[in-house]
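Residue numbers (the numbering used here): 154 to 222. Glycine residues also receive a C-beta, built at the ideal position from the N, C-alpha and C atoms. Since the structure comes first, as structure tokens, the remarks are kept for the end.
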């Protein structure tokens with residue numbers, strides 16, 4: 154499953170790199186990319202292992218807000 158999120162609260166490219174790294178390490182996530190310029194995060198994940206809410210929660214724990222696009 155691939156899901157796109159709008160991310161709020163990033164102030165630099167370091168923020169987007171950090172968020173991508175954290176989300177990529179989540180169980181069930183196979184790929185996460187974050188584009189600072191568009192404030193969009195694309196996450197490829199296994200629905201049997203994780204879900205949108207867990208991704209949103211982890212994003213918030215990292216200090217940002219994610220809204221499914």
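Quiz prompt | Spatial distance of residue 181 from residue 201 (CA atoms) | solution = As a working mapping, residue 181 is identified with position 28 in the chain shown. As a working mapping, residue 201 is identified with position 48 in the chain shown. Those two C-alpha atoms are separated by around 8 Å.
Quiz item: Do residue 194 and residue 187 have their CB atoms nearer than 8 Å?
Solution: What you label residue 194 is simply residue 41 of the chain shown in a count that begins at 1. What you label residue 187 is simply residue 34 of the chain shown in a count that begins at 1. Cβ atoms of residue 194 and residue 187: closer than 8 Å.
Exercise. Give the straight-line distance between the Cα atoms of residue 216 and residue 171, rounded to the nearest whole angstrom.
Key: Within the chain shown, residue 216 is the residue found at index 63, counting from 1. Within the chain shown, residue 171 is the residue found at index 18, counting from 1. Computed Cα separation, rounded: 10 Å.
Exercise. Below 7 Å CB to CB, which residues in the same chain sit around residue 166 once its five sequence neighbours on both sides are set aside?
Key: Position 13 of the chain shown, counted from the start, is the residue given in the question as residue 166. 189.
Practice problem: Mark residue 222 as exposed unless 16 or more other C-beta atoms lie within 10 angstroms of its C-beta, in which case mark it buried. | Solution: Here residue 222 is taken as the residue at index 69 of the chain shown, counted from 1. So residue 222 counts as exposed.
Exercise. Excluding the 5 residues preceding and the 5 following residue 199 in the sequence, name in chain order all residues of the same chain whose CB lies nearer than 6 Å to its CB.
Key: Counting from one through the chain shown, the residue named residue 199 turns up at place 46. Result list for residue 199: 181, in chain order.
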